[in-house]
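The next block holds one structure in the form of structure tokens; read it before the comments.
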Amino acid sequence: AQSVTQPDARVTVSEGASLQLRCKYSYSATPYLFWYVQYPRQGLQLLLKYYSGDPVVQGVNSFEAEFSKSNSSFHLQKASVHWSDSAVYFCALSSSNTNKVVFGTGTRLQVLP
Amino acid sequence: NSKVIQTPRYLVKGQGQKAKMRCIPEKGHPVVFWYQQNKNNEFKFLINFQNQEVLQQIDMTEKRFSAECPSNSPCSLEIQSSEAGDSALYLCASSFGTGGGNERLFFGHGTKLSVL
Chain V
2 AQSVTQPDAR VTVSEGASLQ LRCKYSYSAT PYLFWYVQYP RQGLQLLLKY YSGDPVVQGV
62 NSFEAEFSKS NSSFHLQKAS VHWSDSAVYF CALSSSNTNK VVFGTGTRLQ VLP
Chain E
22 NSKVIQTPRY LVKGQGQKAK MRCIPEKGHP VVFWYQQNKN NEFKFLINFQ NQEVLQQIDM
82 TEKRFSAECP SNSPCSLEIQ SSEAGDSALY LCASSFGTGG GNERLFFGHG TKLSVL
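Chain order of the listed sequences is V and E.
Heads up: the first sequence is residues 2 to 114, going by my numbering.
Heads up: the second sequence is residues 22 to 137, going by my numbering.
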């Protein structure tokens, strides 16, 4: 069975600091991995996705994520956060033999000015 | 901005009442998903459609949930007899593909259902 774990429910960082949001997945084959962001009162928006090739993927707003098969991880990173990055971030997984996407429970990011 | 349109944004119902929400997928997307997001941010897949046909759905044996995606009309999700535990954000998403593989989902803003 597929599953996604985001071990940190809340993360607080100061503006300008670096950021890592953790994501661990469980799947027997190679997964397709996504990071979505949910701003208040808005739908989820895609930040980036990985399905093959370079394990470091670039996304919108200077976010990037690194896929690690050995660690079953897909951590999201940003070198310098802005207060507008405050939101809930979801890691998600799908595969080629399923019709649905499995989501983690999200990490709420608070960026202090 | 999301081009998946969900209505209404907020829905308040008493227990036992019928609750209906609608979704217009992004133009050209044949696949529509419904997810329930609870207050703990847990996503529960409910059902997905390709054009008007159901692809996959959870076991709705309670029969309180029903959904459809008729041609030339908005998709809809209906709860026949609302319960307090149904209070959640109901998210509609659309996609070019069936959600497997690397197809991204495009989400609406959701319908927040509160069952009093």
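Glycine included, each C-beta is placed from N, C-alpha and C at the ideal position.
Inter-residue CB distance, residue i and residue j (contact presumed, cutoff 8 Å)
i, j, result
"Leu49/V", "Gln59/V", "7 Å"
"Ile100/E", "Arg85/E", "6 Å"
"Leu134/E", "Ala40/E", "6 Å"
Burial state of residue i (16 or more Cβ within 10 Å)
i, result
"Gly49/E", "exposed"
"Ser81/V", "exposed"
"Thr132/E", "buried"
"Pro56/V", "exposed"
"Thr82/E", "The predicted position of Thr82/E is uncertain, since its pLDDT is 48 and thus under 50; no value can be drawn from it."
"His83/V", "exposed"
"Gln7/V", "buried"
"Gly129/E", "buried"
"Gly44/V", "buried"
"Pro41/V", "exposed"
"Ala66/V", "buried"
"Ala30/V", "exposed"
"Ala18/V", "exposed"
Chain-ordered chain V contacts of residue i [CB-CB under 8 Å]
i, result
"Arg125/E", "Phe35, Leu47, Lys50"
"Val75/E", "Neighbours of Val75/E on chain V: none; closest Cβ ~10 Å, over 8 Å."
"Gly131/E", "Gly44"
Partners in chain E for residue i, counting only beta-carbon separations shorter than 9 Å
i, result
"Thr106/V", "Asn61, Asn62, Glu63, Phe64"
Spatial distance of residue i from residue j (CA atoms)
i, j, result
"Gln71/E", "Val52/E", "4 Å"
"Gly54/V", "Phe127/E", "24 Å"
"Tyr56/E", "Cys96/E", "13 Å"
"Leu110/V", "Asp107/E", "27 Å"
"Ser27/V", "Ser74/V", "9 Å"
"Arg11/V", "Ser92/E", "42 Å"
"Val75/E", "Ala88/E", "9 Å"
"Asn98/V", "Asp80/E", "20 Å"
"Ala2/V", "Ser96/V", "11 Å"
"Cys44/E", "Gln73/E", "13 Å"
"Gln78/E", "Gln38/E", "23 Å"
"Asn123/E", "Tyr51/V", "8 Å"
"Thr13/V", "Gln78/V", "14 Å"
"Ser63/V", "Leu22/V", "14 Å"
"Ser115/V", "Cys24/V", "Residue 115/V lies beyond the residue range present for chain V, which begins at 2 and ends at 114; the question has no answer from this structure."
"Asn59/E", "Glu104/E", "14 Å"
"Leu113/V", "Ser94/E", "45 Å"
"Lys65/E", "Ser4/V", "12 Å"
"Pro46/E", "Leu112/E", "11 Å"
"Leu20/V", "Asp9/V", "12 Å"
"Ala114/E", "Val25/E", "7 Å"
"Ser102/E", "Lys101/V", "26 Å"
"Leu47/V", "Val61/V", "8 Å"
"Phe68/V", "Leu110/E", "30 Å"
"Gln27/E", "Gln36/E", "23 Å"
"Glu63/E", "Ser116/E", "21 Å"
Amino acids of chain V, ordered along the chain, whose beta-carbon sits closer than 7 Å to that of residue i
i, result
"Phe128/E", "Gly44, Leu45"
Proximal chain V residues relative to residue i, where beta-carbon distance stays under 9 Å
i, result
"Val25/E", "Gly44"
"Leu112/E", "Gly44, Leu45"
Listed by chain order, chain E residues near residue i by CB distance under 7 Å
i, result
"Val89/V", "Asn62"
Do the stretch 31-45 of chain E and the stretch 96-113 of chain V meet, that is, are 3 or more Cβ pairs less than 8 Å apart? Contact between the stretch 31-45 of chain E and the stretch 96-113 of chain V is absent, because fewer than three Cβ pairs lie under 8 Å.
How about the stretch 84-94 of chain V and the stretch 26-39 of chain V: do they share at least three Cβ pairs that are nearer than 8 Å? Contact between the stretch 84-94 of chain V and the stretch 26-39 of chain V is present: 3 or more CB-CB pairs across the two stretches fall below 8 Å.
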